[in-house]
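To convert a position in the sequence shown, counted from 1, into my numbering, add 231.
By construction, the Cβ of each residue, glycine as well, lies at the ideal position given by its N, Cα and C atoms.
The next block holds one structure in the form of structure tokens; read it before the comments.
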Amino acid sequence: MKKIFFLLIAFIIYSSSLLAQYITVAQYVEDHKDMAVREMIRMGVPAAITLAQGILETENGNSDLVKKSNNHFGIKCKSSWTGGGVSHDDDALGECFRVYKDADESYRDHSNFLRGSERYAPLFKLDPRDYKAWAYGLRKAGYATNPRYPDILIKNIEDNNLQQYTLLAAGEVPMFDSKKYSDDKEDPILKEMPESGAADGENVSENPSAKSNLIINGSKALSVAKGTSLLAVATQNNIKLAKLLEINDLDKDGLLEKNQFIFLERKQKEGSQDYYISHPDETLYDIAQKNGLLLQSLYDFNNLSAADNIYPGTKVLLRPALEKSSVNDSTAGNYNVRIHEVQPKEGLYTISKKYGVSVAHLREWNRLQNDQLKVGQQLIISK
Numbered sequence: 232m233k234k235i236f237f238l239l240i241a242f243i244i245y246s247s248s249l250l251a252q253y254i255t256v257a258q259y260v261e262d263h264k265d266m267a268v269r270e271m272i273r274m275g276v277p278a279a280i281t282l283a284q285g286i287l288e289t290e291n292g293n294s295d296l297v298k299k300s301n302n303h304f305g306i307k308c309k310s311s312w313t314g315g316g317v318s319h320d321d322d323a324l325g326e327c328f329r330v331y332k333d334a335d336e337s338y339r340d341h342s343n344f345l346r347g348s349e350r351y352a353p354l355f356k357l358d359p360r361d362y363k364a365w366a367y368g369l370r371k372a373g374y375a376t377n378p379r380y381p382d383i384l385i386k387n388i389e390d391n392n393l394q395q396y397t398l399l400a401a402g403e404v405p406m407f408d409s410k411k412y413s414d415d416k417e418d419p420i421l422k423e424m425p426e427s428g429a430a431d432g433e434n435v436s437e438n439p440s441a442k443s444n445l446i447i448n449g450s451k452a453l454s455v456a457k458g459t460s461l462l463a464v465a466t467q468n469n470i471k472l473a474k475l476l477e478i479n480d481l482d483k484d485g486l487l488e489k490n491q492f493i494f495l496e497r498k499q500k501e502g503s504q505d506y507y508i509s510h511p512d513e514t515l516y517d518i519a520q521k522n523g524l525l526l527q528s529l530y531d532f533n534n535l536s537a538a539d540n541i542y543p544g545t546k547v548l549l550r551p552a553l554e555k556s557s558v559n560d561s562t563a564g565n566y567n568v569r570i571h572e573v574q575p576k577e578g579l580y581t582i583s584k585k586y587g588v589s590v591a592h593l594r595e596w597n598r599l600q601n602d603q604l605k606v607g608q609q610l611i612i613s614k
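Below, the structure written as structure tokens:
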């Protein structure tokens, strides 16, 4: 009798343990709703759709796949995926699915996956509040093979009042132009172009929607559209996000605020031309990106800092000085000399500090009668 009693107690404890481990739909929504709202604001995928997909793909967070991979949306590995993978039976046996460190990373990658692929671009033309159009649009784009996929998403949304989370973020959704997106191709082809300075770079930037691979001043780059996620660029090009930010002189992740070049490898210390004439609304950062030049080099060449503004028509140096093999001046003799062109607000003392020479030498080499300089004046700064 005692034995039966203890077995009954053990069964009750075991059953309670299993029940405690099971996640309900309400619990799943409560745990992940903030992520869905954040991603809607960041990338435009309706929160209700994201949550409905998560509920379906993970069986409310109880599926074997999500437990061993934190993969909430059934996104499979591709050759462009640089993270871990796990084997799981789906449409075929032993398919590779992406592995994430946590749910937050999975939700972020889900948004990037939809947002960065041309096949899903038509969805972003839809009203984010129209969850039915989004559900059928996902099926049409090939997100899932189950013909009932849209109906299941719609039922999840309506049964669990998920639309409230979409409405919560609807006023903050960024507007996207679907023409600006490129598919997440597995084998991107690098289109090499002649090395160029500002002129060629400007021609390319007039068509920023073409997210093509370029060579600018000897470094690989992409012409990327406004609104693109830097994490998506890093993921699609097999580069760690931290490295991509460092290469492009950026200090934080996010969506690009303008059409611009994003480099996939380190930029050069000097430009391919001597100088660049600034355009309206351009910053020193814009000029550095256009010319494939380290931002710090641009600061150094022009004796400027991040706090300085430039005006349209300013001549911005892309090299420290113009090299000349000879100068028609008896002071130059037969030696190579370096020439500096005087910029606005520059004086002899500033130039001497920039190049590590004395004011006395500058006066001597250039036969200066006084310290008055003119903008555009050419000075010998070394022999």
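Distance between beta carbons of residue j and residue i, contact taken as under 8 angstroms
i    : j    : result
V573 : L529 : About 18 angstroms separates the two Cβ atoms, so there is no contact after all.
I388 : A279 : 5 angstroms
I493 : N479 : 6 angstroms
N534 : E577 : 7 angstroms
V317 : K298 : 10 angstroms between Cβ atoms; not a contact.
Sequence-distant residues of its chain with Cβ nearer than 7 angstroms to residue i (five each side left out)
i    : result
H319 : L296, E326, F328
Q284 : F304, L384
G544 : I508, S509
L357 : A364, W365, G368
V588 : I612, S613
Length of the line joining the Cα atoms of residue i and residue j
i    : j    : result
I286 : I518 : 47 angstroms
M271 : T397 : 8 angstroms
N468 : S613 : 43 angstroms
Y253 : L453 : 46 angstroms
I582 : G502 : 20 angstroms
D361 : Q394 : 9 angstroms
G347 : L369 : 14 angstroms
N597 : Q491 : 41 angstroms
K546 : L525 : 17 angstroms
P615 : V260 : Any answer about residue 615 is impossible in this case: the structure gives the chain only from 232 up to 614.
L599 : A538 : 32 angstroms
T466 : Q527 : 26 angstroms
K585 : A473 : 31 angstroms
D512 : G402 : 29 angstroms
H571 : M266 : 54 angstroms
L481 : L324 : 42 angstroms
Proximity winner among the options, relative to residue i (alpha-carbon distances)
i    : options                : result
W312 : Y331, K298, N301, S294 : Y331
K521 : N534, K498, N540       : K498
N540 : N534, K546, L515, L524 : L515
G314 : L324, V588, D333       : D333
E488 : G316, S460, K585       : S460
Y500 : G458, S300, N534, N448 : Note that residue 500 corresponds to Lys in the displayed sequence, not to Tyr. It is N448 whose Cα lies nearest to the Cα of K500.
L345 : A463, S450, D361       : A463
G373 : G402, N391, I306       : I306
G485 : P511, A456, D512       : A456
R379 : Q527, K363, L599       : K363
M575 : L599, K605, Y586       : Before going further, note that residue 575 is Pro rather than Met in the sequence given. Nearest C-alpha to P575: K605.
T281 : S342, Y351, P511       : S342
S294 : E513, G587, V256       : V256
N391 : G587, K264, Y586, H571 : K264
Nonlocal neighbours in the same chain, by C-beta distance under 6 angstroms from residue i, ignoring five residues either side
i    : result
F532 : L548, P551
A366 : P381, L384, I385
L579 : V590, L593, D602
G523 : I447, N448, S450, K498, Q499
E433 : Residue placement at E433 is poorly supported in this model, since its pLDDT is 32, which falls under 50; the coordinates still yield a value, given next. Excluding positions up to five away in sequence, the list is empty.
Buried versus exposed call for residue i [16 or more other C-beta atoms within 10 Å across all chains shown]
i    : result
G607 : exposed
E595 : exposed
D262 : exposed
Y506 : buried
N601 : exposed
L337 : Correcting the residue type first, residue 337 is Ser in the shown sequence and not Leu. With 16 or more Cβ atoms within 10 Å of its Cβ, S337 is classed as buried.
T289 : buried
S536 : exposed
Y542 : exposed
R273 : buried
K309 : exposed
D340 : buried
K416 : Since pLDDT at K416 reaches only 38, below the 50 mark, its modelled position is unreliable, and no value is offered.
G458 : buried
A352 : buried
P359 : buried
L445 : buried
Beta-carbon proximity list for residue i, same chain, < 8 angstroms, skipping 5 on both sides
i    : result
Q258 : N291, G292
K483 : L476
N301 : V330, Y331, K332, D333, A334, E336, S337
V268 : A278, Y396, L399, A400
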